[in-house]
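Chemist:
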Amino acid sequence: MAKRKKKSAPTPSKKKKSNKTSKKALLAGLLQDHPSLEREEALEILNMGISFEEWHAKKEEEREARRIAKEKRMIAFICSQHKNISEEEATFIVKENITPEEFLERRAEEQRKARARARQQERQQKRHRGRKPPPRGGPRGGGPRGGGKKRSNRLSKEAERKAKLDRLVSRYPDLTRAVAGQLLRENISYEEFLKRRAQKKKKSLSTRTSEERDRAKELQEERMKLLAERLEQEAHLGSMGDEFLRNRSEEGNSVSVWRFHSPRFEGVITEIQPLMLIMKTEHQEALRLRKLGCVFVYVSSEADAILSQIHVNLDQMSLLQYPPREPSRRIELSDDLLKSGSSLSLVTHDGLLLKGKVGWSDRFQFLLELDEGGVVFVFKHSVAKASEGNEFLLESSTNLKAFLEKSPELPNNHPKELALEEILVPVQFDDYDVKDKRYEEISELFDAGKFQLHPIRIRREGEQYVLLDGYRRLTLAREKELPKIPVRVM
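Take the sequence shown: its position 55, counting from 1, is numbered 55 in this note's numbering, and each next residue is one higher.
1) Would you kindly work out how many angstroms separate the C-alpha atoms of Leu26 and Ser254, rounded to a whole number?
2) For my contact list, Leu277 and Ile269 are in at a C-beta cut-off of 8 Å; report their separation, rounded to the angstrom.
3) Could you check how far apart the C-beta atoms of Tyr471 and Ile423 are, in whole angstroms? I think they sit under 8 Å.
4) Identify every residue that forms a DSSP beta bridge with Ser345.
5) How many Å lie between Leu333 and Gly359 at the Cα?
6) Please classify Leu476: is it buried, with 16 or more other beta-carbons within 10 angstroms of its beta-carbon, or exposed?
7) Relative to the C-alpha of Leu445, which candidate in Leu183, Leu30, Ile85, Leu194 has its C-alpha closest?
8) May I ask which residues mark the beginning and end of the alpha helix (DSSP H) holding Lys72?
9) Please check the pair Arg488 and Asp469, which I expect to be a contact at CB under 8 Å, by giving their CB distance rounded to whole angstroms.
10) The beta strand (DSSP E) with Phe397 in it runs from where to where?
11) From Asp350 to Ile331, what does the alpha carbon distance come to, in whole angstroms?
12) Okay, do the segment 98-117 and the segment 69-87 touch, 3+ Cβ pairs below 8 Å being the bar?
13) Please look up how many angstroms separate the CB atoms of Phe52 and Leu30, rounded, as I've assumed it's under 8 Å.
14) Just how far apart, CA to CA, sit Lys83 and Leu319?
15) Looking only at its own chain, which residues have a Cβ that is under 8 Å from the Cβ of Lys14, when we skip the five neighbours before and after it?
16) Run through DSSP, which three-state label would Ile310 get?
17) Give me, in chain order, the residues of the same chain whose beta-carbon lies closer than 8 Å to that of Leu513; leave out the 5 immediate sequence neighbours on both sides.
18) Does the CB of Lys291 have a neighbour CB from chain C at under 8 Å?
19) Tell me which residues share the same chain as Gly577 and place their Cβ nearer than 7 Å to its Cβ, disregarding the 5 neighbours each side in the sequence.
20) Which same chain residues, not among the five before or five after Leu474, have their C-beta less than 6 Å away from its C-beta?
21) Report yes if the C-beta distance between Leu346 and Leu354 is below 8 Å; otherwise report no.
22) For the alpha helix (DSSP H) containing Gly181, list its first residue and its last residue.
Next comes the structure, spelled out in structure tokens:
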């Protein structure tokens, strides 16, 4: 009987290979179960020999420890830089994410209000102590509450003063009751008061305007420099869209550019810039159109076929929405959604509904081939919603071609007036008020009663309103303490 051969023990190299294989399988399983996990993080979990939940909890503890340490460093730094701020106040500054200067301004304002309240209470107590009670058993004249002739005179003087205040406020609509009271106390006319204030403001402006202008100029130059650098770095990201438009211009094709809530322009594109399209139209040789103000572009010869396939949702259009200024707040279109040949339906911010197949896409735009013929060049910033299928083609929508022939009246969803704090100022005006030579002229005209505060144009971005023009008038309204200003929503 033949002897069986003993199985040889696995060599070290085979053991090593099997360990590598199992480690790869574990790594693949981790990455599959947790798509947000990076490869280096998965390797770290395997090397530590713990579960994903334990690793995640450990990372959270480390992150929390770093946050607490950072807060302590910031608190210590604030206390070292500002001796008049306590550790408790520095903790409040860090928690509220404000600057020490803002906190000091708030504290000074609260202290001022507290002093004013204390003075008010003291005056009331003095008045109360100064009153003499009526004699016991004597007559209580001067009205139902009594107090005699002195009280009667005081009440009549207060009524007379209030009547004068009312007359002043009704005569000058831009006059506040506080200023009217000052006029009565100083016994001067409103014109004399305006003249004094204009002289005082002119004197103060002359000492600070040059510094503000220099600072504003430096900020603007710095922003323009950063913008030019960013555009140069990102120029290649929109190359496909620029090439598409360039081909249409070289072929001499007339195109139609659709803009947000504005008339569309028809002509030949003569120049393509990173942020601008230069067009030659029937009435203008070089019309400059900002890309951020455009929705889509199509060849004019295909207009009938394209417009008959686009629909309008009146509710969405009546909101008068525009794309958010910050790219981070705009809708992010995934690569799967914009994959070449995939079906796509979308709604733009101005309520237009499109459906078709994606031809190509780059960083800033994509091409949509409509189902019944025709192609539309769509800017990504114009998309409010996007999905596969027919989700957004709602029953309440109407055909765009019919809408243009006979536009129905849109519902009014905007207030006629807004408080100053509800209006946002675009980013280039956030750092300073507009107080240039033109502002001084407007202020003097306003003080003299020769300047009317015309409606300021704004547009809606979600739940907020953004100023389109009238920066000087907004500054003027704030300085005059006007509670409301006329506003026209575009």
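For each residue, glycine too, the CB sits at the ideal point set by N, CA and C.
Modeler: With the structure as the only source:
1) 59 Å
2) 6 Å
3) Not really, about 11 Å apart at Cβ, beyond 8 Å.
4) Lys355, Ser387
5) 15 Å
6) buried
7) Taking only the C-alpha atoms, the option nearest Leu445 is Leu194.
8) 52-81
9) Arg488 to Asp469, Cβ: 10 Å. No contact.
10) One detail in the question is off: residue 397 reads as Ser in this sequence, not Phe. First-last of the beta strand (DSSP E) with Ser397: 397-399.
11) In a straight line, the C-alpha of Asp350 is about 15 Å away from that of Ile331.
12) Touching, yes, given that three or more Cβ pairs across the two stretches are closer than 8 Å.
13) 7 Å
14) 51 Å
15) With a pLDDT of 48 at Lys14, under the threshold of 50, the modelled position of that residue is not reliable, and the figure given next carries that caveat. None.
16) coil
17) Residue 513 lies beyond the residue range present for the chain, which begins at 1 and ends at 490; the question has no answer from this structure.
18) Here there is only one protein chain, and chain C is not present.
19) No information on residue 577 is available, as it lies outside the stretch 1 to 490 that the chain covers here.
20) none
21) yes
22) 177-186
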